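**Q** Going by full-length UniProt numbering, the residue at position 120 of the sequence shown is 120; the numbering climbs one at a time, nothing skipped.
From the three backbone atoms N, C-alpha and C, an ideal C-beta is built for every residue, glycine too.
What you are looking at is a predicted structure, and each value in this text was computed from that prediction instead of being measured.
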Amino acid sequence: MAPQDLQDLQDPRGPQEFQGFLEFQEQLLWDHPDLQVLPVLKDLLASRDLLPAVVHLQGQGSAIQVKNDLSGGVLNDWSRITMNPKVFKLHPRSGELEVLVDGTYFIYSQVYYINFTDFASYEVVVDERPFLQCTRSIETGKTNYNTCYTAGVCLLKARQKIAVKMVHADISINMSKHTTFFGAIRLGEAPAS
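(1) For the candidate residues T180, F106, A192, whose alpha-carbon lies nearest to that of R80?
(2) Could you tell me the boundaries of the beta strand (DSSP E) in which V99 lies?
(3) Leaving out five residues before and five after K86 in sequence, what residues of the same chain have Cβ atoms less than 8 Å from its Cβ?
(4) Consult DSSP for K67 and reduce its assignment to one of helix, strand or coil.
(5) Given a cut-off of 7 Å, decide if A184 and T104 are closer than it, judged by their beta-carbon atoms.
(6) Please report how far the alpha carbon of Y145 lies from the alpha carbon of Q60, in whole angstroms.
(7) Are the CB atoms of T143 and S121 nearer to each other than 7 Å?
(8) Could you check how far apart the C-beta atoms of V124 and T150 are, in whole angstroms? I think they sit under 8 Å.
(9) Should A77 go down as buried or exposed, given a rule of 16 or more other Cβ atoms within 10 Å for buried?
(10) If you reduce the DSSP assignment to three classes, tell me which class K157 lands in.
(11) Compare the Cα-Cα distances from N115 to each of T147, G188, V126, P92 and report the closest residue.
(12) Between which two residues does the beta strand (DSSP E) harbouring residue 194 extend?
(13) Just to confirm, is the Cβ distance from V164 to S109 under 7 Å?
(14) I need the DSSP call for K142, collapsed to helix, strand or coil.
(15) Leaving out the 5 sequence neighbours to the left and right, which residues in its chain are closer than 6 Å to E96 when beta-carbon positions are compared?
(16) Return helix, strand or coil for G73, following the three-state DSSP convention.
(17) Express the C-alpha separation of V74 and Q65 in angstroms, rounding to a whole number.
(18) Tell me the rounded alpha-carbon separation between Q4 and V126.
(19) What does DSSP give as the partner residue(s) for K89 in the beta ladder?
(20) Which of the three DSSP states, helix, strand or coil, is assigned to I114?
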């Protein structure tokens with residue numbers, strides 16, 4: 001880095017330069033979470049809602065027969081990989097993920113189906129109402145396992161709950177941590193109306 005570049009980072013002169021400075025520092029903190037050099041900047045970024053709140057849940061490795069193992073078809077065998085407790089709360093018994101802060105969220109999920117005959121389907125529900133749906137089918141004589149991924153952006157209010165709900169009971173799910181997962185990222189405030 002040239003001395004002038006360092007000067008620009010240390011003394012941003014306008015809103016664009018300051019935003020670039022913050023983005024650079026934010027990326028530095030994400031790439032090096034153990035970095036202790038700029039704790040004041042980390043607080044500044046968090047206070048400006050520049051650090052996204054993230055939750056990522058993975059299956060715990062078991063196989064689940066939907067009709068025998070799930071109450072209401074909602075997946076609940078989740079292991080928390082990362083979760084911001086100021087923005088998300090997992091209800092382990094129900095499998096629901098509660099949002100604690102209003103905002104715009106990117107929600108994603110993938111389910112690994114095993115032992116299904118014609119087609120398999122699940123929904124991502126918000127307060128028990130369908131938000132996203134993912135459906136897979138198989139051709140006769142082909143393997144009867146497959147993954148199904150879906151994602152979308154949704155405006156959510158505090159206390160709303162998100163869950164992954166199976167649509168059909170006659171299937172099995174492999175809850176392997178790398179094949180069945182569910183998560184959300186708070187992208188920011190809800191747009192002003």
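**A** According to the data block:
(1) T180
(2) 96-99
(3) A53, L100, V101
(4) Under the three-state reduction of DSSP, K67 is assigned to helix.
(5) Between T104 and A184, the CB-CB gap reaches or exceeds 7 Å.
(6) Cα to Cα, Y145 sits roughly 18 Å from Q60.
(7) no
(8) Their Cβ separation, rounded to whole angstroms, is 7 Å, which keeps V124 and T150 in contact under 8 Å.
(9) Here residue 77 turns out to be Asp, not Ala, going by the sequence shown. Only buried fits D77, as 16 or more other CB atoms lie within 10 angstroms of its CB.
(10) Here DSSP, grouped into helix, strand and coil, assigns K157 to coil.
(11) The candidate whose alpha carbon is nearest that of N115 is T147.
(12) Here the chain has residues from 1 to 193 only, and residue 194 is not among them.
(13) yes
(14) Taken through DSSP and simplified to helix, strand or coil, K142 comes out as coil.
(15) Excluding residues up to 5 positions away in sequence, K161, A163 lie with their Cβ nearer than 6 Å to the Cβ of E96 in the same chain.
(16) Assigned with DSSP and collapsed to three states, G73 falls in coil, not helix or strand.
(17) 12 Å
(18) A caution first: Q4 carries a pLDDT of 45, below 50, which makes its placement in the model too unreliable to give a value.
(19) Its beta-bridge partners are E98.
(20) In this structure, I114 counts as strand in the three-state DSSP scheme.
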